[in-house]
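Asks:
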Amino acid sequence: AQSVTQLGSHVSVSEGALVLLRCNYSSSVPPYLFWYVQYPNQGLQLLLKYTSAATLVKGINGFEAEFKKSETSFHLTKPSAHMSDAAEYFCAHVTDKLIFGTGTRLQVFP
Amino acid sequence: SAVISQKPSRDICQRGTSLTIQCQVDSQVTMMFWYRQQPGQSLTLIATANQGSEATYESGFVIDKFPISRPNLTFSTLTVSNMSPEDSSIYLCSVEDPTDRAKNIQYFGAGTRLSVL
Numbered sequence: 007a008q009s010v011t012q013l014g015s016h017v018s019v020s021e022g023a024l025v026l027l028r029c030n031y032s033s034s035v036p037p038y039l040f041w042y043v044q045y046p047n048q049g050l051q052l053l054l055k056y057t058s059a060a061t062l063v064k065g066i067n068g069f070e071a072e073f074k075k076s077e078t079s080f081h082l083t084k085p086s087a088h089m090s091d092a093a094e095y096f097c098a099h100v101t102d103k104l105i106f107g108t109g110t111r112l113q114v115f116p
Numbered sequence: 107s108a109v110i111s112q113k114p115s116r117d118i119c120q121r122g123t124s125l126t127i128q129c130q131v132d133s134q135v136t137m138m139f140w141y142r143q144q145p146g147q148s149l150t151l152i153a154t155a156n157q158g159s160e161a162t163y164e165s166g167f168v169i170d171k172f173p174i175s176r177p178n179l180t181f182s183t184l185t186v187s188n189m190s191p192e193d194s195s196i197y198l199c200s201v202e203d204p205t206d207r208a209k210n211i212q213y214f215g216a217g218t219r220l221s222v223l
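In the order they appear, the protein sequences are chains A and B.
First residue of the first sequence: 7, per the working numbering; consecutive thereafter.
First residue of the second sequence: 107, per the working numbering; consecutive thereafter.
#1: Nearest-angstrom Cα distance between A/Lys55 and A/Leu82?
#2: Specify, as a first and last residue, the run of the beta strand (DSSP E) that B/Arg116 falls within.
#3: On the DSSP letters alone, give me the boundaries of the beta strand (DSSP E) that A/Pro88 sits inside.
#4: Can you list, in chain order, the residues of its chain whose CB lies under 6 Å from that of B/Ser124, leaving out five sequence neighbours each side?
#5: Which chain A residues sit within Cβ distance under 7 Å of B/Phe214?
#6: Return the chain-ordered list of same chain residues with a C-beta closer than 7 Å to the C-beta of B/Ser111, the five sequence neighbours on each side being excluded.
#7: For B/Phe181, collect the residues of the same chain with a Cβ closer than 8 Å to its Cβ; drop the 5 residues on either side in sequence, then sort them by chain order.
#8: Rounded to whole angstroms, what is the Cα-Cα separation between B/Pro135 and A/Leu27?
#9: Just to make sure I have the definition right: I need the residues of chain A whose C-beta is within less than 8 Å of the C-beta of B/Asn178. Which are they?
#10: B/Gly122 to A/Gly65, Cα distance in whole Å?
#11: In this structure, how does DSSP classify A/Lys103 when only helix, strand and coil are distinguished?
#12: Can you tell me whether B/Ile169 is buried or exposed? The criterion is at least 16 other CB atoms within 10 Å of its CB, across all chains shown.
#13: Cβ closer than 7 Å: which chain B residues qualify as neighbours of A/Gly107?
#14: Anyone know if the C-beta pair for A/Thr78 and A/Ser15 falls short of 8 Å?
#15: Would B/Leu125 count as contacting chain A if we go by Cβ distances under 8 Å?
#16: Suppose you measure from the CA of B/Arg142 to the CA of B/Thr150; what does that come to, to the nearest Å?
#17: Leaving out the 5 sequence neighbours to the left and right, which residues in its chain are closer than 8 Å to A/Val63 when beta-carbon positions are compared?
#18: Could you check how far apart the C-beta atoms of A/Val10 and A/Tyr31 are, in whole angstroms? I think they sit under 8 Å.
#19: I'd like to know whether the C-beta of B/Gly217 is nearer than 8 Å to at least one C-beta of chain A.
#20: Can you check DSSP and say which residues form a bridge with A/Thr71?
#21: Just the Cα atoms here: how many angstroms apart are A/Leu104 and B/Ala155?
#22: Could you say which of B/Met137, B/Ser133, B/Lys171, B/Pro173 lies nearest to B/Asn210 if we only look at CA atoms?
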């Protein structure tokens with residue numbers, strides 16, 4: 007079955023620390039991959055997408071993700087967390103439809 | 107990108123009643139999608155709605171429970187029928203990028219937070 011797996015339902019970091027949110031995908035064919043963010047009481051906003059043009063993808067708000075085929079991973083990183091980054095983050099991939107991971111809630115402490 | 111407006115943003119309903127959620131997009135789009143996000147969980151696709159044809163439902167979702175209308179290229183509604191507390195969720199609509207469907211990007215509304223008592 008095609009799916010994405012997000013390791014860690016909750017991640018807590020201090021403000022200014024590195025953010026690392028993990029996502030692994032399973033698929034025999036490299037899919038389109040996305041990271042979405044959901045701020046409290048809001049819908050989903052696209053952070054970034056991988057569509058095979060480049061393995062390192064830069065998104066909005068300082069986030070980036072690296073596609074690693076050998077590891078079937080697409081982890082999301084940000085060098086320095088801000089308080090405003092606190093949100094739910096979803097990894098997703100699409101083949102015939104958009105499939106979401108279970109989400110990771112990021113908490114940022116001052 | 108696309109700007110999507112969803113109404114209502116939240117509602118509290120009695121069991122056995124129905125609620126219709128509206129989704130309006132600021133540009134013409136071929137495909138619109140309806141998702142459910144149960145408390146503390148990820149998004150699950152309910153159905154895909156193309157203008158001028160019947161909606162396509164995912165496994166576990168049926169038209170009698172979640173009828174969908176798609177009268178034109180900028181509007182759709184989802185009705186949650188005969189509600190029970192288990193229907194308490196966030197319901198979100200989304201659309202494909204209207205400028206390039208090949209991008210496979212979806213844009214989402216802010217969602218409707220439904221609580222059923």
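Every residue, glycine too, gets a C-beta built ideally from N, C-alpha and C.
Replies: On the basis of the data shown:
#1: To locate residue 55 of chain A, count along the first sequence from 1; it is residue 49. To locate residue 82 of chain A, count along the first sequence from 1; it is residue 76. Whole-angstrom Cα-Cα distance: 11 Å.
#2: Within the second sequence, residue 116 of chain B is the residue found at index 10, counting from 1. Start and end: 116 to 119.
#3: The residue given as residue 88 of chain A occupies position 82 in the first sequence. Reading off the sequence, residue 88 of chain A comes out as His, not Pro. Counting along the chain, A/His88 falls outside any beta strand (DSSP E), and DSSP gives it neither H nor E.
#4: For the purposes of this step, residue 124 of chain B is taken as residue 18 along the second sequence, with counting starting at 1. Excluding residues within five positions, the ones whose Cβ falls inside 6 Å are Thr185, Ser187.
#5: Mapped onto the second sequence, residue 214 of chain B falls at position 108. Result: Gly49, Leu50.
#6: Looking up residue 111 of chain B in the second sequence gives position 5. For B/Ser111, where only same-chain residues beyond five positions count, the Cβ hits under 7 Å are Gln130, Gly215.
#7: Taking the second sequence and counting its residues from 1, one reaches residue 181 of chain B at position 75. Excluding positions up to five away in sequence, the list reads Gln128, Cys129, Gln130, Val131.
#8: Indexing the second sequence from 1 puts residue 135 of chain B at position 29. Indexing the first sequence from 1 puts residue 27 of chain A at position 21. Contrary to the premise, residue 135 of chain B reads as Val rather than Pro in this sequence. The alpha-carbon atoms of B/Val135 and A/Leu27 are separated by roughly 32 Å.
#9: On the second sequence, residue 178 of chain B is found 72 positions in, with the first residue counted as 1. What B/Asn178 touches in chain A: nothing, since even the nearest Cβ is about 22 Å away.
#10: Reading the second sequence from its first residue, position 16 is the one you call residue 122 of chain B. Reading the first sequence from its first residue, position 59 is the one you call residue 65 of chain A. Those two C-alpha atoms are separated by around 44 Å.
#11: Residue mapping note: residue 103 of chain A aligns to position 97 of the first sequence, counting from 1. Coil, per DSSP.
#12: Translated into the one-based positions of the second sequence, residue 169 of chain B becomes position 63. B/Ile169 should be labelled exposed.
#13: If you number the first sequence from 1, residue 107 of chain A lands on position 101. Within chain B, the residues near A/Gly107 are Ser148.
#14: Position 72 of the first sequence holds residue 78 of chain A. Position 9 of the first sequence holds residue 15 of chain A. Their beta carbons are not under 8 Å apart, which means A/Thr78 does not touch A/Ser15 by this criterion.
#15: By one-based count along the second sequence, residue 125 of chain B stands at place 19. No, because no Cβ of chain A sits closer than 8 Å to the Cβ of B/Leu125.
#16: Working through the second sequence from its first residue, we reach residue 142 of chain B at position 36. Working through the second sequence from its first residue, we reach residue 150 of chain B at position 44. For B/Arg142 and B/Thr150, the distance between alpha carbons rounds to 5 Å.
#17: For this step, residue 63 of chain A is matched to residue 57 along the first sequence. Leu54, Lys55, Tyr56, Glu70, Ala71, Glu72, Phe73, listed in sequence order.
#18: Numbered from 1 along the first sequence, position 4 holds the residue referred to as residue 10 of chain A. Numbered from 1 along the first sequence, position 25 holds the residue referred to as residue 31 of chain A. So it is a contact: roughly 5 Å between Cβ atoms.
#19: Walking along the second sequence from the start, residue 217 of chain B turns up at place 111. Yes, its Cβ sits closer than 8 Å to a Cβ of chain A.
#20: Counting from one through the first sequence, the residue named residue 71 of chain A turns up at place 65. The residue asked about is misnamed: residue 71 of chain A is Ala in this sequence, not Thr. DSSP, once it has assigned bridges, lists A/Val63, A/Leu82 as partnering A/Ala71.
#21: The residue labelled residue 104 of chain A in the question sits at position 98 within the first sequence. The residue labelled residue 155 of chain B in the question sits at position 49 within the second sequence. A/Leu104 and B/Ala155: Cα-Cα distance of roughly 14 Å.
#22: For this step, residue 210 of chain B is matched to residue 104 along the second sequence. Here the closest residue by C-alpha is B/Met137.
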